[in-house]
Structure formats: structure tokens, C-alpha cells
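Q: First the structure, then my questions, so here it is.
Numbering (the numbering used here), first residue to last: 6 to 199.
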């Protein structure tokens, strides 16, 4: 994400950290366990896996203002995995203010009227503001059974005053991730064919 003609606000707006509840070790290393990254006309896919889990991560835009990221974590273990999850955000210090807004992160840019919201729209979560540049969103502890999956969906919205945030949030609350992703795939394929 950028501000002021491509000044970077952060290296990655939000990252998922999964920890084993028993020993607090990370379950997946996004760099070391990376298997593939693909860019399609309408979405991005990244796959990471190791001996314990496989993660399929999808990113696509549901509108000009909102991107969805879905993490699908699948257990490869023969025993139950008890997982704690944290979504961590770190910003560069270039004039962005971070606030807690109920169960969402609210981002206000000092040099424009842009408003940002980051949240997990489909599940209860706890928002923690660490300081002016760092925040976290945590969820309940998850028990992941062998060969079963757990999904997390994050929405990231940035709007200007001419695009009402309320309308964007209504759209987000109605979205079925898989249905919209499939629609986007068909739309892009049709555009490529014409």
C-alpha cells in the first residue's frame, strides 16, 4: 500500500502468524515453506506447506476499494493441532494513524482523506493497538483435526470520501468469498477471450 505517489506505508499490511498452543512455536514459516506463487488475471495464489500443515492463500479485489485475503490452513498431521492465530500489522512511520474501531483496525492517512479498515469479517476477533505503527488481530484458539481445514478471511478496505465506507462495509458483510472468486475468474476469462 502506498501514499504520496508511491511512498510505501508498509512492507505487508497484515501477516498471519500461527502458533502451536503447546510450545508456542510457529507452525508455518511463510518464506521457508513457500512452494508456489501464481498471479492470474483476477487473483493471486500462494501455497506454503511443511510436514504439519498446508496453507493456500488467495487474494482478490471484490471492488475497487476492497481486497479479500483467504488463508486455508489444512492439517497434514496425524494428531490434533491446537493453534493460536495472530494477524500482525506493521507500518512505516510516514503519517498514518492507527485506531481500534470495535473489532476492526482503522487507518487514517494524514496527507489525504483516505480511510482504511482491516478486519476479519466472518468471525469474532480481538484488536490490539501495540503503538502508533503496530497492531494485532487475534482469534479464538482453534483445534485442527487431522486432514481438516480452517479458513481465515481478512478484508482490507481503503476509500476516498466520494466512496462511502458504509456502502463498502455492507458489501463486505454480504460476500461469500468462494462465490465471488469464481465470478471474478469467469469475468476475467471472458475478457481475455474477447
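C-beta: ideal position from N, C-alpha, C; glycine also.
Comparing alpha-carbon positions, which option in 78, 20, 137, 190 lies nearest residue 111?
A: 137
Q: Identify whether residue 185 lies in helix, strand or coil by the three-state DSSP scheme.
A: Three-state result, residue 185: helix.
Q: Under 6 Å Cβ to Cβ from residue 155, same chain only, skipping five residues before and after it: list those, please.
A: 78, 147, 149
Q: Over the uninterrupted beta strand (DSSP E) stretch that includes residue 105, give me the two end residues.
A: 101 to 106
Q: In three-state terms, what does DSSP make of residue 21?
A: In this structure, residue 21 counts as strand in the three-state DSSP scheme.
Q: Looking at C-alpha atoms only, which residue of 160, 131, 61 is the closest neighbour of residue 121?
A: 160
Q: State buried or exposed for residue 171, treating a residue as buried only when at least 16 other CB atoms are found within 10 Å of its CB.
A: exposed
Q: Can the beta-carbon of residue 87 be found less than 8 Å from the beta-carbon of residue 25?
A: Contact flag set, yes.
Q: What first and last residue would you give for the alpha helix (DSSP H) that runs through residue 64?
A: Residue 64 -> not in any alpha helix (DSSP H); beta strand (DSSP E) instead, spanning 58 to 66.
Q: By Cβ distance, which residues of its chain are closer than 7 Å to residue 84, with the 5 residues on each side in sequence left out?
A: 151
Q: Return the chain-ordered list of same chain residues with a C-beta closer than 6 Å to the C-beta of residue 50, the five sequence neighbours on each side being excluded.
A: 43, 63
Q: Applying the criterion that 16 or more other CB atoms from any shown protein chain within 10 Å of the CB defines a buried residue, is residue 197 buried or exposed?
A: exposed
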